[in-house]
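The block underneath contains the structure these notes are about, expressed in structure tokens.
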């Protein structure tokens, strides 16, 4: 019996989302003298039924969409203005400006204290490095015992290539056109300098082990090829380190001097601020667009369902009116 009751009970309404007014409503609308008024009444009834059920969220969706669109329009306007301001804002400005606003060179007495002290100390270290490379090269030449180097200026002239090499390496940085090329050059120069210093630190006690001598009872008193390699390598590493250290110090001094020269530039803080503003506004615009998309999609789906119901109701109304107008046999 349970199965029979379930079979004979009233069937559930379809879940297709389409609502058609009852026959009584359609008959009442058909009997109205004005066909357009009857059609409008049926469609309004369908719209009210939908808005009280599945379409109850439509008013809130409309308000939310209008609010998000207002915010999006405001952000896009501000973003357009910020992009225009960024286009006319130079990324770099002169490092120093005179009273008339033109680039000028700042005298040493008006430099920042840390740059003044840095210049003094680095200048002293640079003179030491250049002198050390000059004297090392000269001593190595004179130490050969060749007559050509005895009592002449030739060893000094040849040794002068060492400090000049430091300045020449530093000058290479000025020939790099792009900022990226200059950064790459500086990176490799610093890397090679650090590597050379580390090798020199290891080689120095191998050559001069006065505090860590090992007595092997004269086992290796006779000179070997290792001794020659050690001596020659130490001279080469020492000269290389002195040259590279001089180059790095000269490069740093030039960088400090450029900060106060009339042709140097520095990053424009206004450009950085405007770039950050454009980035922030772009993120806000994208976020609002992401918020608007699902709201618009949901509203379109509900409006599509409402349109389908209104079309079905209008079809039922027109069919009922056509039946009423046809003669009865």
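Residue numbers (the working numbering): 1 to 329. Glycine residues also receive a C-beta, built at the ideal position from the N, C-alpha and C atoms.
For residue i, which beta-bridge partners are listed by DSSP?
{"i": "residue 265", "result": "94"}
Could you tell me whether the Cβ atoms of residue i and residue j are closer together than 8 Å?
{"i": "residue 247", "j": "residue 166", "result": "yes"}
{"i": "residue 244", "j": "residue 192", "result": "yes"}
{"i": "residue 262", "j": "residue 103", "result": "yes"}
{"i": "residue 238", "j": "residue 206", "result": "no"}
{"i": "residue 68", "j": "residue 295", "result": "yes"}
{"i": "residue 250", "j": "residue 170", "result": "yes"}
{"i": "residue 94", "j": "residue 271", "result": "no"}
{"i": "residue 172", "j": "residue 252", "result": "no"}
{"i": "residue 362", "j": "residue 314", "result": "This structure leaves residue 362 out entirely; the chain is present only between 1 and 329."}
{"i": "residue 266", "j": "residue 105", "result": "no"}
{"i": "residue 332", "j": "residue 305", "result": "This structure does not reach residue 332, given that the chain is present from 1 up to 329, and the question cannot be answered."}
{"i": "residue 72", "j": "residue 285", "result": "yes"}
{"i": "residue 287", "j": "residue 50", "result": "no"}
{"i": "residue 302", "j": "residue 66", "result": "no"}
{"i": "residue 82", "j": "residue 260", "result": "no"}
How is residue i classed by DSSP in three states: helix, strand or coil?
{"i": "residue 103", "result": "strand"}
{"i": "residue 123", "result": "helix"}
{"i": "residue 47", "result": "helix"}
{"i": "residue 260", "result": "coil"}
{"i": "residue 176", "result": "coil"}
{"i": "residue 88", "result": "coil"}
{"i": "residue 156", "result": "helix"}
{"i": "residue 231", "result": "helix"}
{"i": "residue 151", "result": "coil"}
{"i": "residue 312", "result": "helix"}
{"i": "residue 200", "result": "helix"}
{"i": "residue 296", "result": "helix"}
{"i": "residue 282", "result": "helix"}
{"i": "residue 317", "result": "helix"}
{"i": "residue 322", "result": "helix"}
{"i": "residue 109", "result": "helix"}
{"i": "residue 144", "result": "coil"}
{"i": "residue 52", "result": "coil"}
Going by other Cβ atoms of all chains shown within 10 Å of its Cβ, with 16 needed for buried, is residue i buried or exposed?
{"i": "residue 289", "result": "exposed"}
{"i": "residue 196", "result": "buried"}
{"i": "residue 340", "result": "The requested residue 340 does not occur in the structure, where the chain is confined to residues 1 to 329."}
{"i": "residue 317", "result": "buried"}
{"i": "residue 334", "result": "Nothing in the structure corresponds to residue 334, since the chain is present only between 1 and 329."}
{"i": "residue 155", "result": "buried"}
{"i": "residue 153", "result": "exposed"}
{"i": "residue 62", "result": "exposed"}
{"i": "residue 120", "result": "exposed"}
{"i": "residue 84", "result": "exposed"}
{"i": "residue 242", "result": "buried"}
{"i": "residue 320", "result": "buried"}
{"i": "residue 88", "result": "exposed"}
{"i": "residue 137", "result": "buried"}
At a cut-off of 7 Å, would you count residue i as near the ligand SAH, judging by its Cβ distance to the nearest heavy atom?
{"i": "residue 38", "result": "Summarising the ligand content, the structure contains no ligands, and the ligand SAH is consequently not present."}
I'd like to know if residue i contacts chain E, where contact means its C-beta is closer than 8 Å to some C-beta of that chain.
{"i": "residue 51", "result": "The question asks about chain E, but that chain is absent: this structure has only one protein chain."}
Cβ pair count under 8 Å reaching 3, the region 101 to 121 against the region 269 to 286: no
Given 8 Å, three or more beta-carbon pairs between the region 152 to 172 and the region 128 to 142: The answer is yes - the region 128 to 142 touches the region 152 to 172, with three or more Cβ pairs under 8 Å.
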